[in-house]
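1 is the number of the first residue of the sequence shown in the numbering used here; add one for each residue after it.
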Amino acid sequence: MNKLVFANLLHRPLRSIISVLAVAIEVIMILSIVGVFMGMLNDQKQRTNGIGADLMLRPSNASMMNGVGGAPMPVKNIEAIRHLPHVAVASPVIQNLSTVGKIEVLYGIDYASFNALKPFVFEKGGPFQGPDDVIIDDVFASSDGGYHVGDTIRIMNHSFRISGIVDHGKGGRKLLPIDTMAQLMGADGKASIFYIKCDDPANQAAVIREIHAVKGLEDNQVETIDDWLNQMTPDKLPGFNVALDVVTGIAVIVGFLVIFQSMYTAVLERTREIGILKSMGASQGTIVGVVLRETAVMAAAGVLVGIAGTYGVRILLSHLFPTQHFEITASWLVRGAIIAFVGAMCGSLYPAWMAARKDPIDALAYE
């Protein structure tokens, strides 16, 4: 029977290849959207964690996503926070989500206090020398043919000179003077978020209570970096699971229909063959098994091709968008493979049932 299965697949190679590619596309669609979303999410988590703060203070109605809330908080409130007993460093930051060319979060920082949270590691150059300077990380510096200290780049329709290149992992890939970014956004004297470092991590709860006791900050969101990191999961991000379910549903439907049509046509073409098998004593279970095994072979091949294709997509995206992360995890490789495989097998159930019900006399008489 195994020889018969492979002979049937090789007898119509184009149809078999199309079926394999349908399953492969299903796998690539699922893994690619997960890779892009999870890459962006985990990259943001790593770079926020690398800032070196213990707490973050945001407006009462702020989104947990960096860069989407504007800059509504008065920077002058930072002075009251700095005078609290257990606060070692407090740094105001403006975060602005940019979608020009690529999706990224720009950071406007007060260099002295932001550096005090956790010192920058400069590979080249140094801090801001003027209001039109920008610090970039090494990942961005290596993109688009490479950037060097002294080069000019356009950010928010404004020209900036690169003053320094730092190791990645601390905030944004592009860091501007906070006053300059405030002017470009029309938010003079405002900030998006305050990053706070305690004198001792054990005093985080005490600092949160102290901040909420400050007049004007009673309703502001204050949470630890660890709590924020725990919230940054797909289940808590609006739209993530919806988008994933939509793409997965479309992918499964495509794979199902292609496999269904392929096996349905195969059964119609093999009417006489099925009649011969049944006349030789093959049971309905045997006939179903042949159809399902053919589908399983094509589905398994499609899954392997799809996984290889996903890695190809990652290589392509890393070349086109070197600053964006594309994350492929073992758990999603397994989940994507199972979804595609099960969808393909479901697509072959009716053709298999139809083949098993064929009358051997009618089948043998079929031309």
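Glycine included, each C-beta is placed from N, C-alpha and C at the ideal position. Fair warning: this is a prediction, and the values are worked out from it, not measured in the lab.
The beta strand (DSSP E) enclosing residue i, as first and last residue numbers
| i | result |
| --- | --- |
| Ser163 | His158 to Val166 |
| Asp110 | No beta strand (DSSP E) holds Asp110; DSSP gives it neither H nor E. |
| Leu175 | Lys174 to Pro177 |
| Ile153 | Thr152 to Ile155 |
| Gln221 | Gln221 to Thr224 |
Cα-Cα separation, residue i to residue j
| i | j | result |
| --- | --- | --- |
| Met38 | Lys102 | 16 Å |
| His158 | Met345 | 56 Å |
| Gly171 | Ile136 | 10 Å |
| Glu294 | Met29 | 23 Å |
| Asp199 | Ile211 | 15 Å |
| Ile17 | Tyr311 | 20 Å |
| Pro119 | Leu14 | 60 Å |
| Val27 | Thr286 | 29 Å |
| Ile328 | Ala213 | 44 Å |
| Ser32 | Thr248 | 11 Å |
| Val36 | Gly336 | 15 Å |
| Ala88 | Arg154 | 35 Å |
| Val313 | Thr99 | 21 Å |
| Ala368 | Leu229 | No information on residue 368 is available, as it lies outside the stretch 1 to 367 that the chain covers here. |
| Ala251 | Val134 | 43 Å |
Short CB-CB distance (under 8 Å) between residue i and chain C
| i | result |
| --- | --- |
| Ile211 | Of the chains in the structure shown, none is chain C; there is only one protein chain. |
Assigned secondary structure, residue i (DSSP; H/G/I helix, E/B strand, else coil)
| i | result |
| --- | --- |
| Lys190 | strand |
| Gly137 | The sequence shown places Asp at residue 137, rather than the Gly named in the question. The answer is strand: DSSP assigns Asp137 an E or B state. |
| Leu97 | strand |
| Leu368 | The shown model of the chain, from 1 to 367, leaves out residue 368, and the question about it has no answer. |
| Pro13 | helix |
| Leu55 | strand |
| Ala202 | helix |
| Thr180 | helix |
| Ile259 | helix |
| Leu292 | helix |
| Pro74 | strand |
| Lys118 | coil |
| Pro388 | Lying outside 1 to 367, the shown extent of the chain, residue 388 is not represented and no answer is given. |
| Pro131 | coil |
| Lys374 | No statement about residue 374 is possible, as the shown extent of the chain runs from 1 to 367 and does not include it. |
| Val214 | coil |
| Ser331 | helix |
| Pro322 | coil |
| Val27 | helix |
| Ser91 | strand |
| Val149 | coil |
Close-in-space but distant-in-sequence residues of the same chain around residue i (CB under 7 Å, 5 per side omitted)
| i | result |
| --- | --- |
| Ala53 | Leu117, Tyr195, Ile196, Lys197 and Ile225 |
| Ala216 | The displayed chain sequence assigns Gly, not Ala, to residue 216. Once the five neighbours on either side are set aside, the close Cβ partners of Gly216 are Asn77. |
| Glu367 | Note on Glu367: pLDDT 49, under 50, position unreliable in the model; the coordinate value appears next. Hits under 7 Å: none found. |
| Pro74 | Gly189 and Lys190 |
| Ile315 | none |
| Asn241 | Pro234 and Asp235 |
| Gly309 | Ala24 and Ile28 |
| Val121 | Val166 and Asp167 |
Nearest candidate by alpha-carbon position, reference residue i, set the options
| i | options | result |
| --- | --- | --- |
| Val93 | Val87, His83, Arg82 and Ser113 | Ser113 |
| Ile339 | Asp245, Gly126, Gln46 and Val139 | Asp245 |
| Ile25 | Leu106, Thr323 and Ile307 | Ile307 |
| Ala296 | Leu14, Lys174, Val23 and Arg12 | Val23 |
| Ile193 | Val342, Met354, Pro72 and Gly336 | Pro72 |
| Asp110 | Ala191, Asp144 and Ser98 | Ala191 |
| Met56 | Val27, Ala206 and Glu223 | Glu223 |
| Pro85 | Ile253, Phe256, Asp179 and Ala206 | Ala206 |
| Met354 | Asn230, Gln221 and Gly289 | Gly289 |
| Gln183 | Leu31, Val87, Asn96 and Asn61 | Asn96 |
| Leu333 | Val305, Gln204 and Leu317 | Val305 |
| Ala90 | Ser348, Ile208 and Gly255 | Ile208 |
| Gly145 | His319, Gly126 and Ala330 | His319 |
| Ser143 | Ala202, Leu317 and Asn220 | Leu317 |
| Asp227 | Glu218, Gln204, Val134 and Val149 | Gln204 |
| Glu218 | Val34, Met40, Leu41 and Ser60 | Ser60 |
Where the alpha helix (DSSP H) through residue i begins and ends
| i | result |
| --- | --- |
| Phe122 | Not the alpha helix (DSSP H): Phe122 falls in the beta strand (DSSP E), residues Phe122 to Gly125. |
| Arg79 | The question names Arg, yet the displayed sequence has Glu at residue 79. Element bounds for Glu79: Asn77 to Arg82. |
Contact set for residue i: own chain, Cβ-Cβ below 6 Å, skip 5 residues either direction
| i | result |
| --- | --- |
| Pro177 | Phe128 and Pro131 |
| Ala301 | Val20 |
| Ala299 | Val23, Phe341 and Ala344 |
| Thr152 | Ser159 and Arg161 |
| Asp43 | His325 |
| Met181 | Ile94 and Gly108 |
| Arg12 | none |
| Val149 | Lys124, Gly125 and Ile162 |
Spatial neighbours of residue i in its chain, beta-carbon cut-off 8 Å, leaving aside the 5 residues before and after
| i | result |
| --- | --- |
| Gly169 | Gln46, Arg47, Gly50 and Asp137 |
| Pro351 | Phe260, Met263, Tyr264, Ala266, Val267 and Val291 |
| Val139 | His168, Arg173, Pro322 and Thr323 |
| Ser348 | Ile259, Phe260, Met263, Val291, Leu292, Glu294 and Thr295 |
Proximity test, residue i beta-carbon vs the ligand NAP heavy atom, cut-off 7 Å
| i | result |
| --- | --- |
| Val87 | With respect to the ligand NAP, the structure offers nothing, as it holds no ligand at all. |
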